[in-house]
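Since the structure comes first, as structure tokens, the remarks are kept for the end.
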Amino acid sequence: MAATTHASSMSFLLSHPQPRSATPGTRLPLRPAARRVRCATDAAAPTAQPAAAASTKHRRAADENIREEAARHPAPKQGLSAWYEPFPPAPNGDPNERYSLDEIVYRSSSGGLLDVRHDMEALARFSGAYWRDLFDSRVGRTTWPYGSGVWSKKEFVLPEIDPDHIVSLFEGNSNLFWAERLGRDHLGGMNDLWVKHCGISHTGSFKDLGMTVLVSQVNRLRRAPLSRPIAGVGCASTGDTSAALSAYCAAAGIPAIVFLPANRISLEQLIQPIANGATVLSLDTDFDGCMRLIREVTAELPIYLANSLNSLRLEGQKTAAIEILQQFDWEVPDWVIVPGGNLGNIYAFYKGFEMCRVLGLVDRVPRLVCAQAANANPLYSYYKSGWTEFQPQVAKPTFASAIQIGDPVSVDRAVVALKATNGIVEEATEEELMNAMSLADRTGMFACPHTGVALAALFKLRDQRVIGSNERVVVVSTAHGLKFSQSKIDYHDSKIEDMACKYANPPVSVKADFGAVMDVLKKRLKGKL
Numbered sequence: 019m020a021a022t023t024h025a026s027s028m029s030f031l032l033s034h035p036q037p038r039s040a041t042p043g044t045r046l047p048l049r050p051a052a053r054r055v056r057c058a059t060d061a062a063a064p065t066a067q068p069a070a071a072a073s074t075k076h077r078r079a080a081d082e083n084i085r086e087e088a089a090r091h092p093a094p095k096q097g098l099s100a101w102y103e104p105f106p107p108a109p110n111g112d113p114n115e116r117y118s119l120d121e122i123v124y125r126s127s128s129g130g131l132l133d134v135r136h137d138m139e140a141l142a143r144f145s146g147a148y149w150r151d152l153f154d155s156r157v158g159r160t161t162w163p164y165g166s167g168v169w170s171k172k173e174f175v176l177p178e179i180d181p182d183h184i185v186s187l188f189e190g191n192s193n194l195f196w197a198e199r200l201g202r203d204h205l206g207g208m209n210d211l212w213v214k215h216c217g218i219s220h221t222g223s224f225k226d227l228g229m230t231v232l233v234s235q236v237n238r239l240r241r242a243p244l245s246r247p248i249a250g251v252g253c254a255s256t257g258d259t260s261a262a263l264s265a266y267c268a269a270a271g272i273p274a275i276v277f278l279p280a281n282r283i284s285l286e287q288l289i290q291p292i293a294n295g296a297t298v299l300s301l302d303t304d305f306d307g308c309m310r311l312i313r314e315v316t317a318e319l320p321i322y323l324a325n326s327l328n329s330l331r332l333e334g335q336k337t338a339a340i341e342i343l344q345q346f347d348w349e350v351p352d353w354v355i356v357p358g359g360n361l362g363n364i365y366a367f368y369k370g371f372e373m374c375r376v377l378g379l380v381d382r383v384p385r386l387v388c389a390q391a392a393n394a395n396p397l398y399s400y401y402k403s404g405w406t407e408f409q410p411q412v413a414k415p416t417f418a419s420a421i422q423i424g425d426p427v428s429v430d431r432a433v434v435a436l437k438a439t440n441g442i443v444e445e446a447t448e449e450e451l452m453n454a455m456s457l458a459d460r461t462g463m464f465a466c467p468h469t470g471v472a473l474a475a476l477f478k479l480r481d482q483r484v485i486g487s488n489e490r491v492v493v494v495s496t497a498h499g500l501k502f503s504q505s506k507i508d509y510h511d512s513k514i515e516d517m518a519c520k521y522a523n524p525p526v527s528v529k530a531d532f533g534a535v536m537d538v539l540k541k542r543l544k545g546k547l
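In the working numbering, each number is its position in the sequence shown, counted from 1, plus 18.
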């Protein structure tokens with residue numbers, strides 16, 4: 019069994035509201051609930067009603083929307099809370115350093131990252147079975163805001179936010195695709211291979227999961243009496259972040275500003291923020307240069323920073339891990355393979371799995387694999403060095419453009435996630451990732467190049483016999499293949515320099531003549547007629 023069983027609750031990941039009596043590395047004790055309950059709206063145990071008293075639920079009034087309906091039925095206060103703390107805690111830092119989520123702060127006093135921590139003692143008042151039932155009861159509903167795959171786990175995300183402040187496009191609840199033929203025919207008879215299609219989302223990538231949380235919090239802050247009101251939200255992007263930010267800001271009526279590296283993202287990605295009305299700045303630099311500039315700008319102007327330096331987004335992204343557990347009826351997969359660029363997502367997946375383990379929803383976490391493009395592989399190099407010294411690099415061009423990042427913000431977060439799960443970092447060359455993507459397409463998918471990176475890592479780990487044929491493996495697909503159609507066109511036209519394009523399938527130009535058509539079909543179907 020490759021899934022990792024361990025006792026550490028990672029105290030600097032999941033915190034308590036008061037000074038801890040437990041030492042780091044101690045698993046949080048859980049108090050079992052007296053009974054299992056189901057509830058579609060809140061985490062407070064409902065009062066049982068006689069069957070005869072139950073009434074048929076009627077549709078809301080025609081002049082009332084779902085947000086207004088939710089306001090008429092507010093959830094009771096649950097005593098849950100969350101806040102920012104330094105990540106990781108500085109050895110000689112203030113042990114009581116923390117910040118309200120309503121503060122506009124991105125770094126700790128020592129200049130390090132921040133992380134959102136939850137009051138685990140309050141959450142642990144309810145059993146793991148209770149949380150499983152609660153989350154399951156909300157799937158597929160339109161009750162505001164719980165129909166969202168993110169906000170159906172509201173208590174684990176932003177427990178204190180008013181539902182009226184939430185900006186949701188009913189993101190999440192994405193398909194878990196059984197890759198039957200790919201596993202059976204091309205990966206040595208794997209019969210439990212799955213692809214989590216996070217790209218089947220509103221803007222076509224997993225970034226929606228985090229952006230709904232960040233923009234919701236901004237929406238909350240813009241309604242508060244701030245000394246310096248937030249004028250807009252800004253981000254640097256390799257394409258998908260800007261698309262998600264622009265869509266959610268447009269839905270909320272908040273100005274969005276995006277910094278993009280010129281000529282380094284697909285046209286499909288570029289048109290998304292333009293169509294959503296964002297201010298788009300095309301800069302003659304790479305992503306890391308855009309990131310430096312947006313940090314300088316947000317330090318001077320009242321523009322809220324939306325990049326993964328801001329840990330709010332990770333709270334939404336971690337719900338994809340919880341959703342995977344739900345889709346397996348709360349069974350833990352053995353491996354989860356995640357493409358890595360700025361490296362926040364691998365940590366978000368770990369955080370979601372670990373939170374469920376600590377609170378008793380599951381009993382272990384899976385092993386994680388972070389897959390990087392060989393042309394942008396600083397984490398892979400760090401891993402191969404035995405975690406001795408991280409060396410930023412200038413990322414080279416890659417078809418997996420969204421992870422073309424040489425100096426990732428969340429490298430320390432990624433290391434924590436990988437060490438805690440006995441994880442692995444693997445890389446894929448351009449030819450390997452494009453061939454893996456194209457082979458997957460031949461089995462019914464329409465994968466993006468970043469998914470190709472993760473699939474190529476899986477092929478390598480199967481060849482090395484690190485992953486067994488009978489293990490349950492989930493490959494995380496971070497974006498929709500339609501956002502990267504030009505790379506597929508170039509591959510199937512065999513127009514990529516120094517690449518054999520092994521699975522190219524160009525269209526055949528044929529005269530509009532029965533005999534000519536029959537000749538082509540007989541040749542293509544030779545031995546099958």
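Ideal Cβ positions, reconstructed from N, Cα and C, are used throughout, including at glycine.
- prompt: So, V251 versus L323, is the Cβ gap smaller than 9 Å?
  reply: Position 233 of the sequence shown, counted from the start, is the residue given in the question as residue 251. Position 305 of the sequence shown, counted from the start, is the residue given in the question as residue 323. Contact flag set, yes.
query: Can you tell which of S503, D304, V535, A472 has the C-alpha that lies nearest to the C-alpha of V494?
result: Counting from 1 along the sequence shown, the entry for residue 494 is found at position 476. If we check each option's Cα against that of V494, A472 comes out closest.
query: If you draw a straight line from the C-alpha of D258 to the C-alpha of I421, how long is it?
result: In the sequence shown, counting from the first residue as 1, residue 258 sits at position 240. In the sequence shown, counting from the first residue as 1, residue 421 sits at position 403. One C-alpha to the other measures close to 10 Å.
- request: Reducing DSSP to helix, strand and coil, say where G201 ends up.
  value: Residue 201 sits at position 183 when you count from the first residue of the sequence shown. Here G201 sits in helix by DSSP.
message: Whole angstroms are fine: how far does the CA of A446 sit from the CA of F477?
response: Here residue 477 is taken as the residue at index 459 of the sequence shown, counted from 1. Here residue 446 is taken as the residue at index 428 of the sequence shown, counted from 1. Cα-Cα distance, rounded: 10 Å.
field: Start and end residues, alpha helix (DSSP H) containing S145
entry: Walking along the sequence shown from the start, residue 145 turns up at place 127. Unbroken run through S145: none, as it is neither H nor E.
- prompt: Starting from P92 and walking both ways along the alpha helix (DSSP H), at which residues does that stretch end?
  reply: Working through the sequence shown from its first residue, we reach residue 92 at position 74. P92 -> no alpha helix (DSSP H), and no H or E assigned at all.
L131 - partner residues in DSSP beta bridges: For this step, residue 131 is matched to residue 113 along the sequence shown. Its beta-bridge partners are F105.
Given K214 as reference, the closest of A89, A392, P357 once Cα atoms are compared: Residue 214 sits at position 196 when you count from the first residue of the sequence shown. Closest by alpha carbon: P357.
query: Touch check for the stretch 229-238 and the stretch 193-209: three-plus C-beta pairs under 8 Å?
result: no
task: Return helix, strand or coil for C267, following the three-state DSSP convention.
output: For the purposes of this step, residue 267 is identified with residue 249 of the sequence shown, where counting begins at 1. C267 falls in the helix class under three-state DSSP.
- prompt: According to the neighbour-count rule (16 or more other Cβ atoms, all chains shown, within 10 Å of its Cβ), is G462 buried or exposed?
  reply: By one-based count along the sequence shown, residue 462 stands at place 444. So G462 counts as exposed.
query: Are R313 and L327 touching if we call contact CB-CB under 9 Å?
result: Walking along the sequence shown from the start, residue 313 turns up at place 295. Walking along the sequence shown from the start, residue 327 turns up at place 309. Closer than 9 Å, so yes.
message: Helix, strand or coil, according to DSSP, for A223 in the structure here?
response: In the sequence shown, residue 223 corresponds to position 205, counting from 1. Reading off the sequence shown, one finds Ser at residue 223, where the question assumed Ala. Looking at S223 - three-state DSSP - the assignment turns out to be strand.
message: Quick check: what's the CA-CA separation for R159 versus R116?
response: Counting from 1 along the sequence shown, the entry for residue 159 is found at position 141. Counting from 1 along the sequence shown, the entry for residue 116 is found at position 98. Each residue's alpha carbon lies about 36 Å from the other.
task: Compute the distance between the beta-carbons of A413 and N440, then report whether it is under 9 Å.
output: Working through the sequence shown from its first residue, we reach residue 413 at position 395. Working through the sequence shown from its first residue, we reach residue 440 at position 422. The answer is no: Cβ separation not under 9 Å.
query: Residues in its own chain within less than 7 Å of F305 by CB, not counting five upstream and five downstream?
result: On the sequence shown, position 287 is the one that residue 305 refers to. Cβ neighbours of F305 beyond the five flanking positions: A254, T256, P279, Q422, I423.
- request: Could you tell me if K336 is buried or exposed, where buried requires 16 or more neighbouring beta carbons within 10 angstroms of its beta carbon?
  value: Against the sequence shown, residue 336 aligns to sequence position 318. Buried, because 16 or more other Cβ atoms sit within 10 Å of the Cβ of K336.
message: I need the straight-line Cα distance from A339 to K544, nearest angstrom please.
response: Stepping through the sequence shown from its first residue, residue 339 is reached at position 321. Stepping through the sequence shown from its first residue, residue 544 is reached at position 526. Using only the alpha carbons, I get a separation of about 45 Å.
task: Entirely within the stretch 245-297 and at least 3 residues each: give me those beta strand (DSSP E) ranges in chain order.
output: 250-254, 274-279
field: C-beta contact flag for E5 and V387 at 9 Å
entry: Lying before the first or after the last residue shown, residue 5 is absent from the chain, which here runs from 19 to 547.
message: Using the three-state DSSP reduction, which class does A435 fall into: helix, strand or coil?
response: For the purposes of this step, residue 435 is identified with residue 417 of the sequence shown, where counting begins at 1. A435: helix per DSSP, three-state reduction.
message: Applying the 10 Å Cβ sphere with the 16-neighbour rule, what's the burial state of I342?
response: By 1-based counting over the sequence shown, the position of residue 342 is 324. By the neighbour-count rule (16 or more Cβ atoms within 10 Å), I342 is buried.
query: Can you list, in chain order, the residues of its chain whose CB lies under 6 Å from that of S512, leaving out five sequence neighbours each side?
result: As a working mapping, residue 512 is identified with position 494 in the sequence shown. Closer than 6 Å at the Cβ level, and outside the excluded window around S512, lie C519, A522.
task: Kindly indicate if chain D contains any beta-carbon less than 9 Å away from that of T316.
output: This model lacks chain D altogether; it includes just one protein chain.
- prompt: In chain order, what residues of the same chain have a beta carbon less than 7 Å from the beta carbon of I283, not counting five sequence neighbours either side?
  reply: Along the sequence shown, one-based indexing puts residue 283 at 265. Same-chain partners within the cutoff: T256, G257, S419.
query: If you run the structure through DSSP and keep just helix, strand and coil, what is H510?
result: Position 492 of the sequence shown, counted from the start, is the residue given in the question as residue 510. Correct three-state label for H510: helix.
message: Can you find the residues in the same chain that come closer than 7 Å, C-beta to C-beta, to V528, ignoring five residues on each side of it along the sequence?
response: Here the question's residue 528 lines up with position 510 in the sequence shown. Only A534, V535, V538 meet the Cβ criterion.
message: Can you find the residues in the same chain that come closer than 6 Å, C-beta to C-beta, to E333, ignoring five residues on each side of it along the sequence?
response: The residue you call residue 333 lines up with position 315 of the sequence shown. Excluding positions up to five away in sequence, the list reads V134, V175, V231.
- request: Return the residue from the list W212, G486, D226 that minimises the CA-CA distance to A497.
  value: Mapped onto the sequence shown, residue 497 falls at position 479. That would be D226, whose Cα lies nearest to the Cα of A497.
query: Between which two residues does the beta strand (DSSP E) harbouring V383 extend?
result: The count along the sequence shown starts at 1 and reaches residue 383 at position 365. Run containing V383: none; DSSP gives neither H nor E here.
- request: Round the Cβ separation of I321 and I275 to the nearest angstrom and send it over; I've been treating them as touching at under 8 Å.
  value: Position 303 of the sequence shown, counting from 1, holds the residue named residue 321. Position 257 of the sequence shown, counting from 1, holds the residue named residue 275. Contact holds; Cβ gap of about 6 Å.
query: So S128 and P104 are in contact, right, with Cβ under 8 Å, and what is the actual spacing, rounded?
result: Here residue 128 is taken as the residue at index 110 of the sequence shown, counted from 1. Here residue 104 is taken as the residue at index 86 of the sequence shown, counted from 1. That belief holds up - the Cβ atoms of S128 and P104 are roughly 7 Å apart, short of 8 Å.
query: Between H183, I272, D182, W348, which lies nearest to D151 when the distance is taken from Cα to Cα?
result: Counting from 1 along the sequence shown, the entry for residue 151 is found at position 133. Checking every option, the nearest Cα to that of D151 belongs to W348.
query: Should D459 be labelled buried (16 or more other beta-carbon atoms within 10 Å of its own) or exposed?
result: In the sequence shown, the residue the question calls residue 459 occupies position 441. When all chains shown are included, D459 counts as buried.
query: Buried or exposed: L547, going by 16 or more other Cβ atoms within 10 Å of its Cβ?
result: Residue numbering aside, residue 547 sits at position 529 when the sequence shown is read from its first letter. Exposed, because fewer than 16 other Cβ atoms sit within 10 Å of the Cβ of L547.
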